[in-house]
Amino acid sequence: MDGANDSVVTEFVLLGLSASWEMKVLLFLFFFSFYVGVVLGNLFIVFTVVCDSHLHSPMYFLLANLSLIDLGLSSTTAPRMITDIFSEHKVISFPGCMIQMFFVHVMGGTEMVLLIAMAYDRYTAICKPLHYLTIMNHKTCISFVVVAWVIGVIHAVSQFVCIVNLPFCGPNKVDSFYCDFPRVAELACTDTDWVEDVVTANSGLISMGTFFLLIISYIFILVTVRHHSSAGLSKAFSTLSAHITVVFLFFGPCFFMYVWEFPTLSLDKFLAILDFVVTPLLNPAIYTFRNKDMKVAMKRLSRKIVSSKDSS
Numbered sequence: 018m019d020g021a022n023d024s025v026v027t028e029f030v031l032l033g034l035s036a037s038w039e040m041k042v043l044l045f046l047f048f049f050s051f052y053v054g055v056v057l058g059n060l061f062i063v064f065t066v067v068c069d070s071h072l073h074s075p076m077y078f079l080l081a082n083l084s085l086i087d088l089g090l091s092s093t094t095a096p097r098m099i100t101d102i103f104s105e106h107k108v109i110s111f112p113g114c115m116i117q118m119f120f121v122h123v124m125g126g127t128e129m130v131l132l133i134a135m136a137y138d139r140y141t142a143i144c145k146p147l148h149y150l151t152i153m154n155h156k157t158c159i160s161f162v163v164v165a166w167v168i169g170v171i172h173a174v175s176q177f178v179c180i181v182n183l184p185f186c187g188p189n190k191v192d193s194f195y196c197d198f199p200r201v202a203e204l205a206c207t208d209t210d211w212v213e214d215v216v217t218a219n220s221g222l223i224s225m226g227t228f229f230l231l232i233i234s235y236i237f238i239l240v241t242v243r244h245h246s247s248a249g250l251s252k253a254f255s256t257l258s259a260h261i262t263v264v265f266l267f268f269g270p271c272f273f274m275y276v277w278e279f280p281t282l283s284l285d286k287f288l289a290i291l292d293f294v295v296t297p298l299l300n301p302a303i304y305t306f307r308n309k310d311m312k313v314a315m316k317r318l319s320r321k322i323v324s325s326k327d328s329s
């Protein structure tokens, strides 16, 4: 982070969400309860998958990794957002701002690739059931997760190197509750049109490319199943509906924040809240309430916990 040494700005001021005291109380209760739900919900999924031998399959291995990434994505912004709500001066250091931006995009990029892996897993299970365990073996699942993290890091680094060495000499007010590449780049004391183009090409186009690839893959699965039986189509659609919901929840805000040319700051903030707080909470709810195996496994785990407490 040598760029920080050559810049006048050593810290950024986050303007946050609202100046009204009543609204601050409501926001605190909303974010705190949602973040607690994110932590408990996603950790419970991971714990259930690890402890229940019935869930030791590729699908649930990828789901557990998705839960960990959702927890990490939310934790990059939500704790600070909660503590800053009642602060008059929401200050974040230059290194802290850079680190936050970096990890936000590492987690975001990793989740994009992991969602593709989960789509491929469903394609294999539905369209090639006899070869499913051969194709989606342990080595393949580990490779998917490793590749997802590598691409996530590359995605973040390619933007990070463009921002970290920009000269910042004021102003230093970021009209948001967290640091992000577009908002911070606007504060640089130089022409940043090329930086905005890099962010749009990297975050925007890759997000949309991944989104359309996922939608096409789901359509291909449904069309393939439809040729075999209508009953299979109904079952496949029921299975894929949870995945499709997660895809729209995750990629919808990305489109408006990184692709749409005329976003408003209020819309950006609202969509960022969806990505960092709401979606990471809805993901475990979607995958558990719509999945019989997960619900049964959670009941088994709950009974084990209760019986162990009673015996002790």
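Here the numbering used here is used: the first residue of the sequence shown is 18, the next is one more, and so on.
Built from N, CA and C at the ideal position, the CB exists for glycine as well.
- Here ALA136 is near SER234, since their CB atoms are less than 7 Å apart.
- When secondary structure is reduced to three states using DSSP, VAL26 falls in the coil class, being assigned neither helix nor strand.
- Assignment of SER35 by DSSP, reduced to helix, strand and coil, places it in the coil class.
- The stretch 112 to 130 and the stretch 33 to 44 do not touch, with fewer than three beta-carbon pairs separated by less than 8 Å.
- If you keep only unbroken alpha helix (DSSP H) runs of at least 4 residues inside the stretch 116 to 168, you get 149 to 152.
- For MET274, same chain residues with a beta-carbon under 6 Å away, outside a window of 5 residues either side, are ASP285 and LEU288 in chain order.
- For the pair SER84 and ASN59, the CB atoms are nearer than the 7 Å cut-off.
- Taking VAL212 as the centre and dropping the five residues before and after it, the same chain places the C-beta of CYS179, ILE180, LEU183, PHE198, ALA202 and ALA205 closer than 8 Å to its C-beta, in chain order.
- Per the coordinates, the alpha-carbon of LEU150 lies some 12 Å from the alpha-carbon of ARG139.
- With fewer than 16 other beta carbons inside 10 angstroms of its own, GLY187 counts as exposed.
- Annotation for GLU128: ILE86 place their beta carbon closer than 6 Å to its own, counting only its chain and skipping 5 residues before and after.
- Judged by DSSP in its simplified three-state form, SER110 adopts strand.
- Inter-residue distance for PRO301 and CYS271 is about 20 Å (C-alpha atoms, whole angstroms).
- The bridge partners DSSP lists for LYS321 come to none.
- According to DSSP, LYS190 shares a beta bridge with VAL30.
- At the C-beta level, GLU28 and SER110 come within 7 Å of one another.
- For PRO96, the enclosing alpha helix (DSSP H) stretches over residues 95 to 101.
- In summary, LYS321 is exposed, with fewer than 16 beta-carbon neighbours lying within 10 Å of its beta-carbon over all protein chains present.
- Residue range 75 to 92 is occupied by the alpha helix (DSSP H) that includes LEU85.
- Residue burial is scored here from C-beta neighbours: PRO112 has fewer than 16 other C-beta atoms within 10 angstroms and is therefore classed as exposed.
- For GLU213, the enclosing alpha helix (DSSP H) stretches over residues 210 to 216.
- Counting the other CB atoms within 10 Å of its CB gives ALA218 a total below 16, which places it among the exposed residues.
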